[in-house]
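Please read the structure below before turning to the comments.
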Amino acid sequence: MSNDRFKELTKEGHHRGEHQRGERHRGRGDSRHHGPKTFRRGRALAFLEMLNLKRSTLKQQLDQPEFDSIRPILVGELKAIDMIINEFVQLFEIHENEEINKHIQDKRSKSTSDKENKEAADSDEEE
Numbered sequence: 005m006s007n008d009r010f011k012e013l014t015k016e017g018h019h020r021g022e023h024q025r026g027e028r029h030r031g032r033g034d035s036r037h038h039g040p041k042t043f044r045r046g047r048a049l050a051f052l053e054m055l056n057l058k059r060s061t062l063k064q065q066l067d068q069p070e071f072d073s074i075r076p077i078l079v080g081e082l083k084a085i086d087m088i089i090n091e092f093v094q095l096f097e098i099h100e101n102e103e104i105n106k107h108i109q110d111k112r113s114k115s116t117s118d119k120e121n122k123e124a125a126d127s128d129e130e131e
């Protein structure tokens with residue numbers, strides 16, 4: 005490389021991989037977002053999926069007779085995990101599939117209130 009070309013490149017900030025702030029090797033116009041933000045979002049979505057799995061496990065336990073003795077605890081845990089899921093979705097601004105999420109939340113509200121009504125009826129029968 006000629007000495008003049010080297011001086012030209014160092015003036016432009018290209019020496020040793022220097023780039024303008026916010027610019028990557030692929031160039032400014034690259035629309036692919038592969039980086040920490042995407043990684044964190046992926047981790048957040050994976051955590052949300054884990055919460056949903058725990059929620060479905062609690063719902064299954066509510067329907068099984070061997071868990072009748074701890075039914076109030078399971079209902080409380082189900083309410084708590086619903087609250088955590090809702091706060092998590094709001095905190096991380098997870099808006100994908102909003103219609104599906106709305107449908108799921110509507111079903112949760114209905115099933116939780118149905119379980120509470122059944123539990124109240126069961127406790128009335130015991131008295």
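Numbered according to our numbering, the sequence shown spans residues 5 to 131.
Where is the CB? At the ideal position from N, CA and C, for every residue including glycine.
| Asked | Found |
| --- | --- |
| Touch test, the segment 69-78 against the segment 44-53, Cβ-Cβ under 8 Å, three pairs minimum | no |
| Three-state secondary structure assigned by DSSP to residue 67 | coil |
| Residue 62 burial status per 10 Å Cβ neighbour count (16 or more: buried) | buried |
| Inter-residue spacing [alpha-carbon to alpha-carbon] between residue 76 and residue 87 | 17 Å |
| For residue 97, three-class secondary structure by DSSP | coil |
| Expected contact under 8 Å - CB spacing of residue 59 and residue 98 to nearest Å | Actually they do not touch by this definition, with Cβ atoms about 15 Å apart. |
| Selected residue, minimal CA-CA separation from residue 92, among 43, 42, 55 and 41 | 55 |
| Alpha-carbon spacing of residue 57 relative to residue 64, whole angstroms | 11 Å |
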